[in-house]
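As structure tokens, the structure follows; a few thoughts come after it.
2 protein chains.
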Amino acid sequence: MTDLLGKSVLSTIIQTPTCGALDFVERALLSIDDAGKISALLRPADEGYAEALDQVRQNGILLELPAGQYLIPGFVDLHIHAPQWPQLGKALDVPLEDWLQEYTFPLEARYGDVVFAERIYADLVKTLLANGTTTAVYFGTIHQEANRRLADICHALGQRAVIGKVAMDHPEQCPSYYRDASAQDSISGTSDFIDYVGSLPGNEDGRVLPAVTPRFVPSCSGRALSGLGRLAEDKDCHVQTHCSESDWEHGHVLARFGKTDTQVLSDFGLLSRKTVLAHSNHISDADMDLIRQAGSGVAHCPLSNFFFSDAVFPLRRALEKSVRVGLGTDISGGPSASLLDNCRAAIVAARALDHGVDAGLQPSSRGIAGSRIDFREAFYLATAGGADVLDIPTGRFETGCHFDAILVDPDVETAPIFIDAGLDSPDDIAQKLVMQATRGNFSRVWVNGVVR
Amino acid sequence: MTDLLGKSVLSTIIQTPTCGALDFVERALLSIDDAGKISALLRPADEGYAEALDQVRQNGILLELPAGQYLIPGFVDLHIHAPQWPQLGKALDVPLEDWLQEYTFPLEARYGDVVFAERIYADLVKTLLANGTTTAVYFGTIHQEANRRLADICHALGQRAVIGKVAMDHPEQCPSYYRDASAQDSISGTSDFIDYVGSLPGNEDGRVLPAVTPRFVPSCSGRALSGLGRLAEDKDCHVQTHCSESDWEHGHVLARFGKTDTQVLSDFGLLSRKTVLAHSNHISDADMDLIRQAGSGVAHCPLSNFFFSDAVFPLRRALEKSVRVGLGTDISGGPSASLLDNCRAAIVAARALDHGVDAGLQPSSRGIAGSRIDFREAFYLATAGGADVLDIPTGRFETGCHFDAILVDPDVETAPIFIDAGLDSPDDIAQKLVMQATRGNFSRVWVNGVVR
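If you read the sequences in order, they're chains A and B.
Under the working numbering, the first residue of the first sequence is numbered 9, with each subsequent residue one higher.
Under the working numbering, the first residue of the second sequence is numbered 9, with each subsequent residue one higher.
In structure tokens, the structure reads:
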């Protein structure tokens, strides 16, 4: 018995339902309804716990997970370029311009071949699920058929997903062999894809959602951005794009519009409660205020940023300003398909920003003191934080949330994590898992109560 | 047939015998002698290749490794605190003082219990071997028996190792429950341990070597440092210590001696061709020159440095000055027992130093341009670079070197690396493996021609 629809599970749970608060509960009793949502969470100290446990045992609907294994919420990856899956981990040593023109654009252009697309996308979605990514936010390509196959594959494999047809029509910024034929093409193609996902048979619960996806401001004409903004409002759907990722991008938009990315996106109606802004490393305080007011969220991609962003995202400042933030792998700008690797990288990047990097400077002027985050905050970003950016009830174990979860086994031959009950407190165990777990430790992954 | 003494192996090899130079050879033919050293390396284009291949085939002494798997040199981890193994990945969220006084010193003090020591050390050495660490440089504790067991275990499990009894006698810097009773105790304890390793039965080839190991300058009295320097010269053995790791340590030594760590170590006779300096983040140009002149090497520990060092090691500057550098996990200052994780972290740390971290500064004043390294340089540090710091002939596939190697399989269910012959060049494959491989991909590890 591994699927949990209409059943209950008894396990140690580790979660961070709010930012920085670690919740470690042994022998927690979670009940899952027929729709895959958590209908009850009882802790041993709760009233009615013993009776409820007896009841589900007697009814034969209890899955008792092994002691020494830990149930954690599934990961929410807010930023993935699905077509870049074949180049994960390569070409990170070349300049951005070569990375785009010699590797990325030619690769993305191949998705006009739907057979190629199906092979790659199936491998990607399977891999991410095994890595514990139960919710994924994808950029597709400009190709209608390939994007539809990506939606089909997520749906068939059961992954929670937000997917966008990439809109890119600017002739000066996009290669002739890989761009939308016109602004109208960007807009109608996006609209068609939204309709396709909306009418996907079996997707009535909206587990797969569409997103309006201007690649980034530089690659879109004003007409396209304007039409996409109207479309997002008309269809009331998610928006995803890159925002102030690098010095180059930030400066390019300033030069073209006399405004920052954030302001331009806002002016075009692309900054809403449903917007996910990838990166945002170079946003100003005013940009942050605008993002918070709009209720948009940031996909912080710490590993990718080391390679392509020229600076570290000011995460602590964003959290202090109540900007919603989650994490992204940015496949393949980042070299890892593991959101947990990025959770660790977020800790490390925040440390670098906190203390600075150049030992030749005085400690007081080396970095931005107070920027660090700990494993509790990083784990929140990887789970509940990302879910909150999307306003999807997942990323935590709470009544009403989807049961999207990972069973973590530290005692695996090929990926052992040293845990000693005599030496390690609950906090220690949680930190060890966050800092060390890899896919080899994920013995089971559920989306919506079903093993995937 | 997996042990290779007196045999030959046919495989694709990937190595970086010199810094930054990638050597990718399909169907390389390596011959290993009875002592576990490489007696010949033939490439398909080499004269006599076909004949040699026929010969070993006919003689039935050829191991043909599967196509699609890759042979790489074993990793050299230059800095490991063996007793800290149980706390890997925990307590990284607390201040340094708490980390030392509440976690690290109490844990290290437990190794007075030799049963505890044996259990932990056996688990550690086994894990590191499985992680591909074929050569390891260990700090032990102050305890004679526990240190001996660590040497025994490395010897029994076949790991190449340099091990030191930790010397720490300064009453103001070491807790009363965990320090050498006197300077003389530091010196004689070190001497005894050196003799023990030298007379270890079966260790005549020196696969396990002893090291003089002052914990760091602050924790040692002048008398101890002076005696240890004389001992290192008398016994002609390795030295390992921490050097200018953090602002605090660097400043403490300056205040106590009016000189930098490097100068103090040099004055005490502890800076030699056989010295491994962990960290060295805050060394000056003059320190670097002194290190190069002495022929000492640096154990760069990039992951640990994010947590405890207040800055990034100026790696590019050190390489330009011809300082020898390798990598260390710094278990448990760093949260990973994988040297390959640290190889990746070295790339990321160098990127952070290169571009800087604070987006609020102008790009030109944000970091130190030119500091980045690529995967070829990082992989060199993890293998041949580390070996060269120790002057041990390993870390590369070359006649006369020990056959210390890892077989990497990208096509593993629990740790897949997407490689496509049609899309990936040799350089791409190498970079993908360096950026993505985990222990799950290491199907076999050899030390000295024998599977471990």
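Heads up, the beta-carbon is just placed ideally off N, CA and C, and yes, glycines get one too.
- Counting C-beta pairs with one atom in each stretch, the stretch 365 to 376 of chain A and the stretch 111 to 120 of chain A have fewer than three that are closer than 8 Å, which means they do not touch.
- Nearest CB-CB separation between N289 of chain B and chain A: below the 8 Å threshold.
- Here R223 of chain A is buried, its C-beta having at least 16 other C-beta atoms within 10 Å.
- Per DSSP, the beta-bridge partners of E72 of chain B are B:L18.
- Per DSSP, reduced to three states, the secondary structure at F314 of chain A is helical.
- Exclusion of the five residues before and after S227 of chain B leaves M176, H178, Q181 and C182 as the residues of its chain whose Cβ lies within less than 7 Å of its Cβ.
- Less than 8 Å separates the beta-carbon of V320 of chain A from that of L361 of chain A.
- Cβ atoms of L96 of chain B and Q444 of chain A come within 8 Å of each other, at about 7 Å.
- Cβ neighbours of G341 of chain A within its own chain (closer than 6 Å, five residues either side excluded): S312 and F316.
- Interface annotation, I21 of chain A: not in contact with chain B, CB-CB separation never under 8 Å.
- Contact between the stretch 241 to 259 of chain B and the stretch 203 to 218 of chain B is present: three or more C-beta pairs spanning the two stretches fall below 8 Å.
- Rounded to whole angstroms, the Cβ separation of G457 of chain A and G44 of chain A is 4 Å, and the two are in contact under 8 Å.
- Annotation: the continuous beta strand (DSSP E) that includes D85 of chain B extends over F83 to H89.
- Chain B has no Cβ within less than 8 Å of the Cβ of V306 of chain A.
- Contiguous alpha helix (DSSP H) elements confined to the stretch 359 to 420 of chain A occur at 371 to 374, 383 to 388 and 394 to 398, taking only those with 4 or more residues.
- For T143 of chain A, the enclosing beta strand (DSSP E) covers residues T141 to F147.
- At the C-beta level, D101 of chain A and D269 of chain B stay beyond 8 Å of one another.
- Taking a Cβ-Cβ threshold of 8 Å, the residues of chain B close to L361 of chain A are V365 and D366, in chain order.
- Boundaries for I427 of chain B: no beta strand (DSSP E) harbours it, and the DSSP string shows neither H nor E there.
- The beta carbons of I80 of chain B and V455 of chain B sit about 14 Å from each other, so the pair does not count as a contact at 8 Å.
- Collapsing the DSSP output to three states places A219 of chain A in a strand.
- Here N67 of chain A is exposed. Its C-beta has fewer than 16 other C-beta atoms within 10 Å.
- Residue-level contact check: G408 of chain A does not touch chain B, since none of the beta carbons of chain B fall below 8 Å from its beta carbon.
- If you draw a 10 Å sphere on the C-beta of D428 of chain B, you find fewer than 16 other C-beta atoms in it, and that means exposed.
- Neighbours of L262 of chain B across chain A, judged by C-beta separation under 7 Å, do not exist; the nearest C-beta is about 14 Å away.
- With three or more CB-CB distances shorter than 8 Å, the stretch 386 to 405 of chain A counts as touching the stretch 17 to 25 of chain A.
- When DSSP assignments are scanned along the stretch 289 to 337 of chain B, the uninterrupted stretches of alpha helix (DSSP H) that are 4 or more residues long and fall wholly within it turn out to be 293 to 302, 310 to 316 and 323 to 328.
- The contact set of A29 of chain A on chain B, defined by CB atoms closer than 7 Å, is empty, because the minimum CB distance reaches about 14 Å.
- Residue state for R65 of chain B is assigned as helix, using DSSP reduced to three classes.
- Contacts with chain B at 8 Å (Cβ-Cβ) include D255 of chain A.
- Under the 8 Å criterion on CB atoms, T268 of chain B is classed as non-interfacial with respect to chain A.
- Taking the beta carbon of Q444 of chain B as reference, the chain A residues within 9 Å of it are L96, G97, P343, S344 and A345, listed in sequence order.
- Residue environment for Q167 of chain A: buried (at least 16 other C-beta atoms within 10 angstroms of its C-beta).
- Its chain contains T20, I22, V416 and L441 as the residues whose beta carbon lies nearer than 7 Å to that of Y78 of chain B, once the 5 sequence neighbours on both sides are disregarded; these appear in chain order.
- In the DSSP assignment, A36 of chain A is bridged to A:S19.
- The shortest C-alpha to C-alpha distance from V174 of chain A to any of A:E153, A:D295, A:A164 and A:I161 is the one to A:E153.
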